[in-house]
Amino acid sequence: MAATAYEHLKLHITPEKFYVEACDDGADDVLIIDRVSTEVTLAVKKDVPPSAVTRPIYGIMGTIHLVAGNYLVVITKKMKVGEFFNHVIWKATDFDVLSYKKTMLHLTDIQLQDNKTFLAMLNHVLSTDGFYFSTTYDLTHTLQRLSNTSPEFQEMSLLERADQRFVWNGHLLRELSAQPELASNSQKSAFQVHRFALPVLHGFITMHSCSINGKYFDWILISRRSCFRAGVRYYVRGIDSEGHAANFVETEQIVHYSGNRASFVQTRGSIPVFWSQRPNLKYKPDPQINKVANHMDGFQRHFDSQVIIYGKQVIINLVNHKGSEKPLEQTFAKMVSSLGSGMIRYIAFDFHKECKNMRWDRLSILLDQVAEMQDELSYFLVDSAGKVVTNQEGVFRSNCMDCLDRTNVIQSLLARRSLQAQLQRLGVLHVGQKLEEQDEFEKIYKNAWADNANACAKQYAGTGALKTDFTRTGKRTQLGLVMDGFNSLLRYYKNNFSDGFRQDSIDLFLGNYSVDELDSHSPLSVPRDWKFLALPIIMVVAFSMCIICLLMAGDTWTETLAYVLFWGVASIGTFFIILYNGKDFVDAPRLVQKEKID
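For the sequence shown, UniProt numbering gives the first residue as 1, with consecutive numbering after it.
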């Protein structure tokens with residue numbers, strides 16, 4: 001029998017313990033978490049004390065250690081996304097963070113403040129839209145990976161068999177699934193505990209029941225965001241020493257028709273060399289390529305793992321071929337050439353140059369260029385009898401600077417071309433019919449890919465995606481340009497003045513930073529440089545005085561002009577000092593040192 005997690009749970013709370021009761025049909029298991037010793041044990045329903053306060057929950061995200069002690073994180077609300085292959089997919093929409101401790105009297109004022117900040121960080125990540133789970137289906141693997149597994153794999157719990165790249169609560173579940181007192185018990189006990197442990201995906205999932213030519217099929221889009229080298233736009237770029245790329249997302253498009261299942265997988269990820277682009281109050285900070293790092297080592301690690309997982313790699317690099325992005329394009333091309341692997345092909349397409357003046361029809365140049373390669377890579381198809389008809393032999397690995405806006409446009413076009421071939425092969429589309437001509441489905445398709453773009457952008461850059469007017473309508477519009485301008489300004493503000501907190505929140509959630517309540521030097525208590533407070537105040541005061549002098553003009557314009565010039569020069573001078581020292585005024589991460597992020 002395939003592994004499943006418990007779907008229906010009740011949480012019983014007493015001053016000493018948490019009791020998580022499995023309420024599925026025939027289940028008698030109760031997971032007990034001791035709030036004092038933190039020990040985890042298994043019991044049965046009769047062991048739940050009647051005095052406990054009871055509430056329904058929909059899953060355990062895990063536990064985390066903060067200054068005040070341990071906290072239990074549970075899912076309190078969920079929304080049904082849909083179902084496919086008779087498996088229900090849920091979106092977690094609300095959470096609760098419960099302290100093991102009954103009181104905070106053991107904390108100092110500084111510890112209380114730090115604990116409050118850490119809780120705010122934890123809740124910030126939980127409030128980010130895009131957490132999905134299923135109690136009966138492994139969302140972390142593609143259809144092709146799942147088709148190539150052993151019977152032993154199928155018997156494993158969802159947590160054990162999950163692709164750890166996409167288990168966003170893996171760190172939170174670590175203590176729950178590795179209790180020493182359970183390890184000494186039977187293997188069955190360990191398996192029962194894992195049925196309470198729910199692997200949660202972060203990204204985007206949408207499902208639609210569609211009809212073309214009177215033939216009904218399910219169309220699903222899944223984006224899986226990697227938790228390795230995760231973070232926010234300007235603080236996490238390039239790769240780490242293990243070859244993990246920033247903003248790596250695996251996107252799978254699935255078709256289910258009359259028992260047949262087809263899948264097309266693409267990936268995106270930051271340019272896989274050691275580079276950074278830290279915010280410094282400039283609208284677009286210059287990217288910096290590390291001059292001393294061994295780029296080939298990390299580059300090869302990255303593509304070795306990609307080839308093992310996905311097969312052939314067709315790189316589509318969409319960055320500009322001039323300006324500040326040019327060195328990155330040249331470095332990427334040079335690394336591919338130096339690696340000399342027959343499994344990797346490199347295509348550079350200057351998206352902005354080719355599509356300038358709203359000539360988005362020129363994207364067909366790229367599609368024509370890669371058409372033969374896409375046919376070679378193919379797609380995964382299994383028939384209604386469970387026989388694999390074709391395998392996908394490799395993936396398109398697309399990137400721009402952020403791997404968001406330009407990347408999503410290209411991915412949606414490549415996915416449509418694959419879907420065209422799949423639906424023709426399955427007999428949904430007639431010979432000569434074009435997917436673009438199916439107005440009802442095209443609307444569903446374009447909106448879903450635009451929603452996918454927005455979800456990925458909000459999780460990485462903090463705002464909705466740019467260029468979604470093209471994804472939704474197939475053309476660039478003036479309104480779309482205005483919305484892009486608004487989102488660009490919003491990104492500028494967030495990237496400079498709130499992304500440090502966002503990065504810290506992700507590092508805490510994923511276990512990149514562990515709280516030590518015995519540490520007398522909390523990174524949260526590091527004082528800001530005097531310039532951070534003084535210079536902005538001086539600039540505001542000087543600018544205000546300049547305005548006041550204009551409003552309260554004296555008897556002679558000469559005197560007024562002198563005052564205006566003095567305060568004007570003071571405010572402008574201070575502004576340029578701030579701009580010159582921009583890195584001192586942005587909201588930078590405090591938990592993980594810079595060298596661990598770069």
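No residue lacks a Cβ here, since even glycine has one placed at the ideal position from N, Cα and C.
Contact under 8 Å by Cβ, ARG233 with ALA461 = ARG233 is a Cβ neighbour of ALA461, given a cutoff of 8 Å.
| For ASN317, which beta-bridge partners are listed by DSSP? | Note: ASN317 sits in a beta bridge opposite ALA348 and ASN399.
**OP:** Please determine, among ARG502, LEU481, THR390 and VAL336, the residue with the shortest C-alpha to C-alpha distance to residue 601.
**Re:** Limits of the chain in this structure are 1 at one end and 598 at the other, which puts residue 601 out of reach.
- Item | Own chain, CB closer than 6 Å to LYS215, minus 5 neighbours either side, in chain order | Cβ within range, chain order: VAL428.
Could you have a look at ARG195 and say whether DSSP puts it in helix, strand or coil? In the structure shown, ARG195 sits in coil (DSSP, three-state: anything other than H, G, I, E or B).
- Query: Among LEU479, SER544, VAL273 and ALA455, which has the Cα closest to the Cα of GLN300?
  - Reply: Looking from the CA of GLN300, the closest CA among LEU479, SER544, VAL273 and ALA455 belongs to VAL273.
Report task. Indicate the three-state DSSP secondary structure (helix, strand or coil) for LYS78 in the structure shown. Result -> Note: LYS78 maps to strand in three-state DSSP.
Delimiting residues of the alpha helix (DSSP H) encompassing ARG406: Residues 405-426.
Notebook entry, point to check: Is the distance from the Cβ of HIS352 to the Cβ of ASN320 below 8 Å?
Noted result: Against a cut-off of 8 Å, the Cβ pair of ASN320 and HIS352 comes out as a contact.
Rounded to the nearest angstrom, what separates LEU591 and MET121 at their Cα positions? MET121 has its alpha-carbon roughly 11 Å from the corresponding atom of LEU591.
Practice task
Please classify ILE506: is it buried, with 16 or more other beta-carbons within 10 angstroms of its beta-carbon, or exposed?
Solution key: The residue in question, ILE506, is buried, as its Cβ has 16 or more Cβ neighbours within 10 Å.
Practice task
Can you give me the Cβ contacts of ILE347 inside the same chain, cut-off strictly under 8 Å, excluding the 5 residues immediately before and after it?
Solution key: If we look at ILE347 and ignore the five residues flanking it on each side, its Cβ neighbours are VAL314, ILE315, ILE316, ASN317, LEU366, GLN369 and VAL370.
* **Whether PHE303 touches ILE344 by CB criterion (8 Å)** => It is a contact, given that the beta carbons lie within the stated cut-off.
- prompt: Helix, strand or coil for LYS215 per DSSP?
  reply: LYS215: strand per DSSP, three-state reduction.
- Message: Please list the terminal residues of the continuous beta strand (DSSP E) segment that includes PHE264.
- Response: For PHE264, the uninterrupted beta strand (DSSP E) segment begins and ends at 260-268.
- Query: Rounded to the nearest angstrom, how far is the Cβ of LEU42 from that of ASP29, given a contact under 8 Å?
  - Reply: About 6 Å; that satisfies the 8 Å criterion.
_Could you compute how far the alpha carbon of GLU325 sits from the alpha carbon of LEU381?_
Taking the straight line from one Cα to the other gives about 38 Å.
Query raised in the report: Near GLN111, which residues of its chain fall below 6 Å by C-beta distance, leaving aside the five closest residues on each side in sequence?
Result: For GLN111, where only same-chain residues beyond five positions count, the Cβ hits under 6 Å are VAL67.
Exercise for the section: Return the CA-CA distance between VAL193 and LYS291, expressed in angstroms with no decimal places. Expected result: In a straight line, the C-alpha of VAL193 is about 48 Å away from that of LYS291.
* Look up GLN253 in the DSSP assignment and say whether it is helix, strand or coil. => It is a strand residue.
Quick check: what's the CA-CA separation for HIS12 versus ARG161? Spanning the two alpha carbons is a distance of roughly 29 Å.
Query raised in the report: What does a CB cutoff of less than 7 Å around SER209 pick up in its chain, not counting 5 residues either side in sequence?
Result: For SER209, same chain residues with a beta-carbon under 7 Å away, outside a window of 5 residues either side, are TYR216 and ASP218 in chain order.
Contacts around GLN422, its chain only, beta-carbon distance under 8 Å, and the 5 residues preceding and following it disregarded:
The residues are VAL255, ALA262, PHE264, TYR379 and LEU381.
Requested in this report: Compute the Euclidean distance between the alpha carbons of THR135 and PHE153, then round it to the nearest angstrom.
Outcome: Cα atoms of THR135 and PHE153: separation of roughly 16 Å, rounded to the nearest angstrom.
field: Beta-bridge pairing of LYS91 - partner residues as DSSP gives them
entry: Beta-bridge pairing by DSSP links LYS91 to MET79 and TYR132.
What do you get for MET79, buried or exposed, if any count of 16 or more other CB atoms within 10 angstroms of its CB means buried?
Exposed, by the Cβ-count rule.
| Per DSSP, cross-strand counterpart(s) of VAL30 | The partner list for VAL30 (beta bridge, DSSP) reads GLU21 and ALA43.
Between LEU381 and chain B, is the shortest Cβ-Cβ distance under 8 Å, so that the two count as touching?
Here there is only one protein chain, and chain B is not present.
Review point. Taking all protein chains shown into account, do 16 or more other C-beta atoms lie within 10 angstroms of the C-beta of ASN408, making it buried, or fewer, making it exposed?
Key: Classification for ASN408: buried.
Notebook entry, point to check: In angstroms, rounded to a whole number, what distance separates the CA positions of SER258 and ALA385?
Noted result: A straight-line Cα-Cα distance of about 11 Å links SER258 and ALA385.
message: Run through the DSSP bridge pairs and tell me what CYS355 is partnered with.
response: None, per the DSSP bridge assignment.
Rounded C-beta distance between LEU524 and ASP114? I'm assuming under 8 Å. Sure, about 5 Å apart at Cβ, within 8 Å.
- Sequence-distant residues of the same chain with beta carbon closer than 6 Å to VAL307, five excluded per side: Taken in chain order, the residues that qualify are MET343.
What residue range is occupied by the uninterrupted beta strand (DSSP E) comprising LYS282?
Bounds of any beta strand (DSSP E) do not take in LYS282, whose DSSP letter is neither H nor E.
How big is the Cα-Cα spacing for THR206 and THR103? Going from the Cα of THR206 to the Cα of THR103 covers about 42 Å.
Leaving out the 5 sequence neighbours to the left and right, which residues in its chain are closer than 8 Å to GLN144 when beta-carbon positions are compared?
-> Within the same chain, and ignoring the five residues on either side of GLN144 in sequence, the residues whose Cβ sits closer than 8 Å to its Cβ are SER263, VAL265, PHE380, ASN391 and GLN392.
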